[in-house]
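Q: What follows is a single structure, and I will ask about it in a moment.
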Amino acid sequence: MTVNMTKGQKISLSKADGGSLTAVRMGLGWQAAPRRGLFGSRTREIDLDASAVLFADKNPVDVVFFRHLTSDDGSVRHTGDNLVGGAGQGGDDESILVDLQRVPVHIDQIVFTVNSFTGQTFSEVQNAFCRLVDETNGQELARYTLTGGGSYTAQIMAKVQRGAGGWTMTAIGTPANGRTFQDLIPAIVPAL
Amino acid sequence: MTAELVSGQNHALPGNRLEIRVSAGTPVVAAVTLGDEQGRVTGDDGRFAHPGEPNLPGVEVPRQAAADHRLAVDLGAVPEAVHRVHVLLALPAGIHPGGPHPGGPPSFGAAPAPRVEVTTPEGAGIAGFTVSGLTTETALLAVELYRRQGGWKIRAVGQGYAGGLPALLLDQGLPDPAGTALAVRTAVAREQSRAVGVDYHHPGRRTAAAGTADEVPGTFPSEPSPERPSAADSAVRPAAPAGAPEGPPVPVAGDAPGWSMEERLYNQVWGMFEDLARSVAAYRSAADFAQARYDQELDRLLADPRTRGGPAAEAARDQAEIRQIALVDQARAVLDRDLAQLTAEAEVVEPALPPAFAGWENPAWHAYQVPTEPPFAVRLGTLCLPEAPELRIPLLARLPLERGLWIDSAENRGLAVDTAVALAARLLAAHPVGAFALHVLDPAGSAATATAPLYAGGALTLPAPAAGSAGIGDVLTRLTERVDLVQMALRSDAADALPPGFDTAEQLLIVNEFPYGFDDRAITQLRYLADEGPAAGVHLMLVADREDAAAYGPLLGPMFGALLRLTPLPSEHLSDPWVGHAWTYEPALVPAGSQVLPHVLRQLADARPAYGS
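Taken in sequence, the protein lines are chains A and B.
Residue 1 is where the first sequence starts when you use the UniProt record's numbering, and the numbers rise one by one after that.
Residue 1 is where the second sequence starts when you use the UniProt record's numbering, and the numbers rise one by one after that.
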């Protein structure tokens, strides 16, 4: 069952049977820029980058992005940078895997962001989305559409948050501007 | 003079103010219930003194579990309605039976007989009672003080409860005995984490200080702390029994991808290396964060004049400290869980390692047979981190070596040569006959004794080079030519065009006391070999003290930098590729007095003629 999330919506990551999720994947997908001209190599490729920032009590502790693919503790892994996007058919072009059981005890929030590394705004990007998948069975838990975002180059997509009853996910959807996650930290802090 | 009581016996008490001393030989919780004429503890509040509520009118009990207690009792101050005062003892295991096992003896039967002594406040003995004959009991009604004709008497009871504190409290008529026992447990755990938390950075010392951790060989001491998540509880036990339905999987040697068993073991060892690095990174990150948060909270308290002093500030400081300790405790529990799993894995992996991967003390070397295939990798030593000094990860390097080795002899020259010889012998033994050749340049002759075993058995085919710089020039020129030939052959894609009789074996050049005896030409040749050799099957092992080469200034810096530095003594200089911890490296040395090295080299020499080489 997929929840189409809207801004600010919160879902619990506890399973229906009361067990909690052990591993989730944040997938990011977008459609590659159309080929143009005789020389396809001159296509203005769209490079979106997914990043995850690990926070302990509102202090950034670690970050997972295309230059640091695994968090030091090994709980969050980026499967690799995609520089051009995909078919736009709903498949993930970049994924960040979170092993919730291995997240260090002091990390209470993990924020997922998307940046346009090549500078296109989201209004120029077709079929962009992010989604949260239960990694153990591939079931989609939530989907969040990015397009129609207007003239922004980045978005704070969502966060997973540790609470007394397990992890919850909150859709944030705050637009921002920036090339990599470093530019986004000021925009992330209010969302914590 | 102290009257020694037996179970059921009573004794008159001379006054109302008493001290009750408990000695149990193992940490126990002492508590007191106040009962009515029938001994029932009514539902009123304030009839049960325990670590979570240590003060009642006339009674004070300690806040924590300990082997020795002193309880202050003033019978004149207890309420009129109270006719009986019961002194209870409970093992940590008995406070909340069925909960996570917090360590310590499982029952009083496994602990020394507890003793209760009643004295005046000045310490003069009145009566003593040793509770003997206990077996599976985990909680105990030790003695009872009761009103008799306007005065008080003591009766030795010694009634044990296998059902622990909840059963005892139920018997006493307390409402919600299980909930009350839980409150006791929480209070004890909080006290305990306060008491031992400060030592968490030093797991080795922590055991000695607390003295109660389970001593399970091969695993890490872990404080009994029931506040932990239950998953962490398995950390105090060794490997989970096979077939256990829950918990982490039982580790198996070779549980990693690879084309051969060697490759699988190699990948598994590197996987353990990475897991340990990351687990410790998570722990250190949490501990640093806890400390930073504590410092911040203290700063905030001190910065505000209203919160700087007084009991409120005291409480706030305590609160901050508890938060810090609790977080470190939690992180340590997770780390202990991971360490237990990795330790269990290491216990199955180490014995399964082939000789090339195994330490010299491993029985694999006694069953050594000359291999027919070149090895996948070789063990250079072990690595460990201060958080887990017992967990040693083999440092395995892929073969052929991508970079040369530098055994740093600054600390201990003799041991450096021994390290080099042990490593050279290992490389020799790990290769099939004729696939590995060894050259030893020892112009000063100082390593003659140490390298003697290499020559003695006839395992080395090459004769020792001439002493002094003549020998140096000879060997270096030959190796330089060889590298040049191989490079030419590779460049023109004509590896089969090498001259007939060309020795295709991997070559290892050991240079002792570099740069003694080296002239400028020889230095240039050596630098060429360091740069170009590995790709052409010529490897360097320098035994050198960097200081000896100081005359060359920075010129040799790049060469030393390109070599993998190993030390004959444990030293923290290697970092892992993932997180960059400083790991303590220990070389793989032959245990003192062991004959394994000559044995292995003899086998190698015996095998040689069979191959006609």
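Even for Gly, the Cβ is constructed at its ideal location relative to N, Cα and C.
1. For GLN101 of chain A and ASN267 of chain B, I'd like the C-alpha separation in whole angstroms.
2. Rounding to the nearest angstrom, what Cα-Cα distance links ASP57 of chain A and VAL105 of chain A in this structure?
3. What is the rounded straight-line gap between the Cα of SER594 of chain B and the Cα of PRO453 of chain B?
4. Please tell me whether ALA65 of chain B and VAL188 of chain B are closer than 7 angstroms, where the distance is taken between their beta carbons.
5. Between the C-alpha atoms of ALA183 of chain B and THR138 of chain B, what's the straight-line distance to the nearest angstrom?
6. Within 10 angstroms of the Cβ of LEU490 of chain B, are there 16 or more other Cβ atoms? Answer buried if so, exposed if not.
7. Closer than 8 angstroms, Cβ to any Cβ of chain A: which residues of the segment 253-284 of chain B, in chain order?
8. Below 8 angstroms on the Cβ atoms is my contact criterion, and I expect GLY471 of chain B with LEU441 of chain B to pass it. Report the Cβ-Cβ distance as a whole number of Å.
9. Counting only beta-carbon atoms, is LEU327 of chain B nearer than 7 angstroms to chain A?
10. Once you ignore the five residues that flank GLN487 of chain B on each side, which residues in its own chain have a CB closer than 8 angstroms to its CB?
11. So if DSSP puts ARG383 of chain B in a beta bridge, which residue, or which two residues, is it bridged to?
12. Quick check: the segment 415-424 of chain B against the segment 561-569 of chain B, are there 3 or more CB pairs under 8 angstroms?
13. Could you give the first and the last residue of the continuous alpha helix (DSSP H) run that contains VAL269 of chain B?
14. For the segment 373-383 of chain B against the segment 393-405 of chain B, do three or more pairs of beta-carbon atoms, one drawn from each stretch, fall closer than 8 angstroms, so that the two count as touching?
15. Give the single residue among B:THR135, B:GLU60, B:HIS11, B:LEU169 whose Cα lies nearest to the Cα of TYR146 of chain B.
16. Might you give, ordered along the chain, the residues of its own chain that have their beta carbon closer than 6 angstroms to the beta carbon of SER7 of chain B, omitting 5 neighbours on each side?
17. Which residues of chain D have a Cβ atom closer than 7 angstroms to the Cβ of ASP57 of chain A, listed in chain order?
18. Quick check: the Cα distance between VAL59 of chain B and GLU80 of chain B, rounded to an integer number of angstroms?
19. Buried or exposed: which applies to VAL252 of chain B, given that a residue is buried once 16 or more other Cβ atoms fall within 10 Å of its Cβ?
20. With which residues is LEU97 of chain A paired in a DSSP beta bridge?
21. Decide yes or no for the touch test of the segment 490-502 of chain B against the segment 541-561 of chain B: beta carbon pairs closer than 8 angstroms, at least 3 of them.
22. When you compare only the Cα positions, how much space is there between LEU396 of chain B and LEU555 of chain B?
23. Please work out which residues of its chain come closer than 6 angstroms, Cβ to Cβ, to HIS69 of chain B, disregarding the five sequence neighbours upstream and downstream, and give them in chain order.
24. According to DSSP, simplified to helix, strand and coil, what is ILE107 of chain A?
25. Just list the residues that DSSP pairs TRP167 of chain A with in beta bridges.
26. Anything in the segment 94-118 of chain A with a Cβ closer than 7 angstroms to a Cβ of chain B? List those residues in chain order, please.
27. Please name the residues in the segment 156-168 of chain A whose beta-carbon is closer than 7 angstroms to at least one beta-carbon of chain B, in chain order.
28. Using the DSSP secondary-structure output, state which residues sit across from VAL87 of chain B in a beta bridge.
29. DSSP three-state label for HIS69 of chain B, please.
30. Leaving out the 5 sequence neighbours to the left and right, which residues in its chain are closer than 6 angstroms to PHE514 of chain B when beta-carbon positions are compared?
31. Using three-state DSSP, classify PRO534 of chain B as helix, strand or coil.
32. Along the chain, where does the alpha helix (DSSP H) that runs through THR451 of chain B open and close?
33. What does GLN172 of chain B touch in chain A if you count any residue whose Cβ is under 8 angstroms from its own?
34. Starting from the C-beta of ASP49 of chain A, find all residues in its chain whose C-beta is less than 6 angstroms away, skip the five residues before and the five after it, and write them out in chain order.
35. Taking VAL61 of chain A as the query, report the chain B residues whose CB atoms sit under 8 angstroms from its CB, ordered along the chain.
36. Can you tell me the Cβ-Cβ gap for SER285 of chain B and ASP73 of chain A, rounded? I've got them flagged as a contact below 8 angstroms.
A: On the basis of the supplied data:
1. A direct Cα-to-Cα measurement between GLN101 of chain A and ASN267 of chain B gives close to 24 angstroms.
2. 11 angstroms
3. 13 angstroms
4. yes
5. One C-alpha to the other measures close to 17 angstroms.
6. When all chains shown are included, LEU490 of chain B counts as exposed.
7. GLU274, ASP275, ARG278, SER279, ALA281, ALA282, TYR283
8. 7 angstroms
9. yes
10. GLU532, ALA535, ALA536
11. It should be noted that the sequence gives Leu, not Arg, for residue 383 of chain B. Answer is B:ILE393, B:TYR585, bridged to LEU383 of chain B.
12. yes
13. 261-303
14. yes
15. B:HIS11
16. ALA156, GLY158
17. As a matter of chain content, chain D is missing from the structure shown, whose protein chains are A and B.
18. A straight-line Cα-Cα distance of about 14 angstroms links VAL59 of chain B and GLU80 of chain B.
19. Exposed: under 16 other Cβ atoms inside 10 Å.
20. Per DSSP, the beta bridge partners of LEU97 of chain A are A:ARG25, A:ARG77.
21. Output reads no: the segment 541-561 of chain B does not touch the segment 490-502 of chain B.
22. 30 angstroms
23. VAL22, ALA30, PRO62
24. Three-state result, ILE107 of chain A: coil.
25. Partner(s): A:ARG162.
26. Against chain B - using a Cβ distance shorter than 7 angstroms - the residues of the segment 94-118 of chain A are PRO104, VAL105, HIS106.
27. none
28. B:VAL32, B:VAL143
29. strand
30. LEU542, ALA544
31. helix
32. 448-456
33. Neighbours of GLN172 of chain B in chain A, taken as residues at a C-beta separation under 8 angstroms, are lacking, since the least C-beta distance is about 34 angstroms.
34. PHE66, ASN115, PHE117
35. SER285, PHE289
36. 7 angstroms
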